[in-house]
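Trainee: As numbered in this note's numbering, residues 2 to 535 make up the sequence shown, in order.
Every residue, glycine too, gets a C-beta built ideally from N, C-alpha and C.
The structure presented is a predicted model; accordingly, all values stated were derived computationally and were not measured.
Supplied in structure tokens, the structure appears directly below.
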Amino acid sequence: MAVDLNDLYVRYDKLGAAKDSTQVTDDFAACIEGTKGGEKEKLLAAQIISQFFKNFPSLQEQALNALLDLCEDDTIQIRTYAMRVLPKLCKDTKEHVFKIADILAQLLQLEDQDYAVACNGLTQVYRLEPITVVKAIFNHIHATTEDSLREKCIAFLFEKLIKVPQDKPNAELDDIMIEEAKKAIQDSSATEFAVILPYLKSSKLGRTIVGQQEIVNLVAERAEIDRDFDPLDEENNDTDRILMCVDYVLPLFNANVHSDKFLVYYCDQILPQWANIGTIKDGEKAKIKLLQQLSELSVHCGKLENPSLHVVQIFDKLKDYMPSPPENADMAEMPNLDFSTVECLLFAFHRLARQCPDFLTSDQNVLKDFRARLTYFSRGVQGCRKSLDSVLSSKVNLNKESSDKAKIAPSVLSNINTLIRDLFYSPPVYKCNVALSFKNEIEKKAKVTVATSPSSGVAKRHIPITFDASNGNGTNTKHVRPNRSGETMKMYQPPSGKFSNNFQSYDRSSGGRGRGNRGSRGMSRGRGRGAWRK
């Protein structure tokens, strides 16, 4: 039978006056029943439960369940009050911390004010028992089948809760967070991956070579580079998956942590699927992003067992973008040339061919054909540079997009020229080091604090290089310093109209951080690996 408001007040007075709680057990039980009454009865019953909860161990489970029912009430005032009450119960009855944390974690699926109250409640309990709360939230993350709730729990835990100040360092808490994060990332969506991996990289795991290698292995497993790449598989979204995974793991590669397994995957799995990648949504943007990643992966590639098997994939793709000179030798008519793609492929080829220096020289016909392509392509580079210099010297007002592309163009062209020089030595050498044009822009963007006006700098004019096709010996080994003008990462579009328009940034959506639908789902829920869904 439901208890009315007056009866609740009477029982409240009895509970407050009692010196022996065993004498008023029935009164506390009646107050628990008050949570089934009207709005005022529910609020008062919740207040009574929170105040006398510690005195009635035998009724605590029943009282907790009653408060949980109130947390799901249709009236927001009742819901939020019940949620605010829960953390108070933990101060004197820490044996219930795990269950209360689990309840509050479930309530993260609510919206707006309810969500804020649930977050605040979890934070209060976390300050009392951080390890227990973290275990409870992770238990919920691993157990729930609701995608949106799992994402909210992960976002709250890694983006908010771990930033709550602790009185002193807690090594056990750090270890639990790292181990549970490693489990969660194996079953993560795209949105969850973007939250968990930055934490692992910033944790103590990311501060050691062994830890960095472990993170790389985790990402490799999540990227599923042990299976065939299929860009047309809409369920698995292989292209989005590999782009995102490599984007986050690239900063971890260094002289001690190598990128071999990823680079081999790009050469043997992704490049052979090049035509199919172009057919998917934003496929051309994905292509240039993949090539940028390939070029970066080549920097920290360790010793390959059979390097020529992978280099040939890059070489064949490079020839697709470096046409042979026409038979009529009409050098005035140039085909469309994609300088952005060639910069990335030529850079990766130049880096990896160091491991098999006889790749070009083992067949003189191959070398002759390739040098003919290089010579022809270099003419296009010179033509583009002349057009660019002409546009800049004419002081024609360019729109922002054209202006930004013109700023990065000298770096792209200089890099191509510098790399080509090495290949015209006899035999070809692989000694020069260039800074990738898109990396220059990313680094500069990070350093810029005051924006410069579009007219503040004009790209430096470089003297075009020439090649003697009959004699591959080069005489000028000076490396052209890349142009570092520009404020943001923009890709090159040649101004003459004869060149490629494919050099642009790939816009990877990482999902929102709001409540409700928090960005694209990355995979099906369940244990093990799943699809990287949009």
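With the cut-off set at 8 Å, would you say Ser438 and Ser403 are in Cβ contact?
Mentor: To locate residue 438, count along the sequence shown from 1; it is residue 437. To locate residue 403, count along the sequence shown from 1; it is residue 402. Contact: no.
Trainee: Is it buried or exposed for Gly17, if we count other Cβ within 10 angstroms and need 16 for buried?
Mentor: As a working mapping, residue 17 is identified with position 16 in the sequence shown. Under this definition Gly17 is an exposed residue.
Trainee: Sort Cys32, Gly279 and Lys41 by Cα distance to Ala64 and report the nearest one.
Mentor: The sequence position of residue 64 within the sequence shown is 63, counting from 1. Nearest C-alpha to Ala64: Cys32.
Trainee: Threshold first: 4 residues or longer. Then list the alpha helix (DSSP H) segments lying entirely within the region 302-344, N to C.
Mentor: Taking only runs of at least 4 residues, the alpha helix (DSSP H) segments lying wholly in the region 302-344 are 308-322.
Trainee: To which residues of the same chain is Lys55 closer than 6 Å at the C-beta, ignoring the five residues directly before and after it?
Mentor: Taking the sequence shown and counting its residues from 1, one reaches residue 55 at position 54. Asp93 and Thr94, listed in sequence order.
Trainee: Go ahead and label Glu147 buried or exposed: buried means 16 or more other beta carbons lie within 10 angstroms of its beta carbon, across all protein chains shown.
Mentor: The residue you call residue 147 lines up with position 146 of the sequence shown. Looking at its Cβ environment, which holds fewer than 16 other Cβ atoms inside 10 Å, Glu147 is exposed.
Trainee: For Asp231, which residues from the same chain have a beta carbon less than 6 Å from its beta carbon, with the 5 sequence-adjacent residues on both sides left out?
Mentor: Taking the first residue of the sequence shown as position 1, residue 231 is located at position 230. Here the set comprises Asp239.
Trainee: What separation, rounded to the nearest whole angstrom, lies between the Cα atoms of Ser260 and Tyr431?
Mentor: Here residue 260 refers to the residue found at position 259 when the sequence shown is read from its first residue. Here residue 431 refers to the residue found at position 430 when the sequence shown is read from its first residue. So the two alpha carbons sit approximately 20 Å from each other.
Trainee: Let's test the definition: count the other Cβ atoms within 10 Å of the Cβ of Asn192 and tell me whether it reaches 16, buried, or not, exposed.
Mentor: Within the sequence shown, the letter at position 191 stands for residue 192. Per the sequence presented here, residue 192 reads as Thr, with Asn not at that position. When all chains shown are included, Thr192 counts as buried.
Trainee: Between which two residues does the alpha helix (DSSP H) containing Cys32 stretch?
Mentor: Numbered from 1 along the sequence shown, position 31 holds the residue referred to as residue 32. Thr26 to Glu34 is the extent of the alpha helix (DSSP H) around Cys32.
Trainee: Run the CB neighbour count on Asn398, radius 10 Å, all protein chains shown included, and call it buried at 16 or more, exposed below.
Mentor: Mapped onto the sequence shown, residue 398 falls at position 397. Asn398 comes out exposed.
Trainee: How would you write the range of the alpha helix (DSSP H) that Lys290 sits in, first residue to last?
Mentor: Within the sequence shown, residue 290 is the residue found at index 289, counting from 1. That run of the alpha helix (DSSP H) goes Gly284 to Leu298.
Trainee: How long is the line joining the alpha carbons of Ala156 and Tyr200, rounded to whole angstroms?
Mentor: What you label residue 156 is simply residue 155 of the sequence shown in a count that begins at 1. What you label residue 200 is simply residue 199 of the sequence shown in a count that begins at 1. About 11 Å.
Trainee: Should Arg151 and Asp115 be called a contact, given that it needs their Cβ atoms to be closer than 8 Å?
Mentor: For the purposes of this step, residue 151 is taken as the residue at position 150 of the sequence shown. For the purposes of this step, residue 115 is taken as the residue at position 114 of the sequence shown. No, they are not a contact pair.
Trainee: Looking at Val536: is its Cβ nearer than 8 Å to the Cβ of Val258?
Mentor: The shown model of the chain, from 2 to 535, leaves out residue 536, and the question about it has no answer.
Trainee: Taking C-beta to C-beta, are Gln356 and Lys304 nearer than 8 Å?
Mentor: Within the sequence shown, residue 356 is the residue found at index 355, counting from 1. Within the sequence shown, residue 304 is the residue found at index 303, counting from 1. In contact: Gln356 and Lys304 (Cβ atoms closer than 8 Å).
Trainee: By how many angstroms is the C-alpha of Leu9 removed from the C-alpha of Thr36?
Mentor: Sequence index remark: in the sequence shown, residue 36 carries index 35 (1-based). Sequence index remark: in the sequence shown, residue 9 carries index 8 (1-based). Each residue's alpha carbon lies about 10 Å from the other.
Trainee: Mark Glu328 as exposed unless 16 or more other C-beta atoms lie within 10 angstroms of its C-beta, in which case mark it buried.
Mentor: Taking the first residue of the sequence shown as position 1, residue 328 is located at position 327. The residue is exposed, with fewer than 16 neighbouring Cβ atoms inside 10 Å.
Trainee: Can the beta-carbon of Leu375 be found less than 8 Å from the beta-carbon of Phe350?
Mentor: Counting from 1 along the sequence shown, the entry for residue 375 is found at position 374. Counting from 1 along the sequence shown, the entry for residue 350 is found at position 349. Their beta carbons are not under 8 Å apart, which means Leu375 does not touch Phe350 by this criterion.
Trainee: Could you tell me the distance, in whole angstroms, from the CA atom of Ala117 to the CA atom of Ser203?
Mentor: The residue labelled residue 117 in the question sits at position 116 within the sequence shown. The residue labelled residue 203 in the question sits at position 202 within the sequence shown. Looking at the two C-alpha atoms, the distance is approximately 26 Å.
Trainee: To the nearest angstrom, how far is it from the Cα of Ala373 to the Cα of Ser325?
Mentor: Indexing the sequence shown from 1 puts residue 373 at position 372. Indexing the sequence shown from 1 puts residue 325 at position 324. Approximately 7 Å, taken between the alpha carbons.
Trainee: Using CA atoms only, rank isn't needed, just tell me which of His143, Arg128 and Lys184 is closest to Lys169.
Mentor: For the purposes of this step, residue 169 is identified with residue 168 of the sequence shown, where counting begins at 1. Among His143, Arg128 and Lys184, the Cα nearest to that of Lys169 belongs to Arg128.
Trainee: Note down the Cα distance separating Gln52 from Lys15, rounded to an integer number of angstroms.
Mentor: Looking up residue 52 in the sequence shown gives position 51. Looking up residue 15 in the sequence shown gives position 14. If you take the alpha carbons of Gln52 and Lys15, they lie about 13 Å apart.
Trainee: When the Cα atoms are used, what is the spatial distance from Tyr266 to Gln61?
Mentor: Here residue 266 is taken as the residue at index 265 of the sequence shown, counted from 1. Here residue 61 is taken as the residue at index 60 of the sequence shown, counted from 1. Approximately 57 Å between the Cα atoms of the pair.
Trainee: On the three-state DSSP scale, how would you describe Ala373?
Mentor: On the sequence shown, residue 373 is found 372 positions in, with the first residue counted as 1. Of the three classes helix, strand and coil, the one that applies to Ala373 here is helix, per DSSP.
Trainee: Let me know the secondary structure DSSP gives Tyr10 once reduced to three states.
Mentor: Residue 10 sits at position 9 when you count from the first residue of the sequence shown. Reduced to three states, the DSSP call for Tyr10 is helix.
Trainee: Give every residue of the same chain whose Cβ lies closer than 8 Å to the Cβ of Asn171, excluding the five residues on either side of it in the sequence, and list them in chain order.
Mentor: Counting from 1 along the sequence shown, the entry for residue 171 is found at position 170. So the list reads Pro131 and Ile132, once near-sequence residues are dropped.
Trainee: Which residues in the same chain as Ile50 place their Cβ atom closer than 6 Å to its Cβ, once the five residues preceding and following it in sequence are excluded?
Mentor: In the sequence shown, counting from the first residue as 1, residue 50 sits at position 49. These residues qualify, in order along the chain: Ala64.
Trainee: Can you round the beta-carbon distance between Ala106 and His141 to whole angstroms, since I take them to be within the 8 Å contact cut?
Mentor: Position 105 of the sequence shown, counting from 1, holds the residue named residue 106. Position 140 of the sequence shown, counting from 1, holds the residue named residue 141. Right, their Cβ atoms sit about 4 Å apart.
Trainee: Check for me: the alpha helix (DSSP H) holding Arg128 runs from which residue to which?
Mentor: Taking the sequence shown and counting its residues from 1, the one referred to as residue 128 is at position 127. From DSSP, the alpha helix (DSSP H) with Arg128 extends over Asp113 to Leu129.
Trainee: Over what stretch of residues does the alpha helix (DSSP H) that includes Thr240 continue unbroken?
Mentor: In the sequence shown, counting from the first residue as 1, residue 240 sits at position 239. Residues Asp239 to Val250.
Trainee: For Arg242, which of Glu225, Asp229 and Ser299 has the nearest alpha-carbon?
Mentor: Translated into positions along the sequence shown, residue 242 becomes position 241. Looking at the Cα atoms, Glu225 is the closest of the given residues.
Trainee: Nearest CA to the CA of Phe316: which residue from Val367, Gly381 and Glu160?
Mentor: Here residue 316 refers to the residue found at position 315 when the sequence shown is read from its first residue. The candidate whose alpha carbon is nearest that of Phe316 is Val367.
Trainee: Quick one: grab the DSSP three-state call for Gly39.
Mentor: Residue 39 sits at position 38 when you count from the first residue of the sequence shown. Here Gly39 sits in coil by DSSP.
Trainee: Could you compute how far the alpha carbon of Leu233 sits from the alpha carbon of Arg380?
Mentor: Translated into the one-based positions of the sequence shown, residue 233 becomes position 232. Translated into the one-based positions of the sequence shown, residue 380 becomes position 379. Distance between the alpha carbons of Leu233 and Arg380 is about 37 Å.
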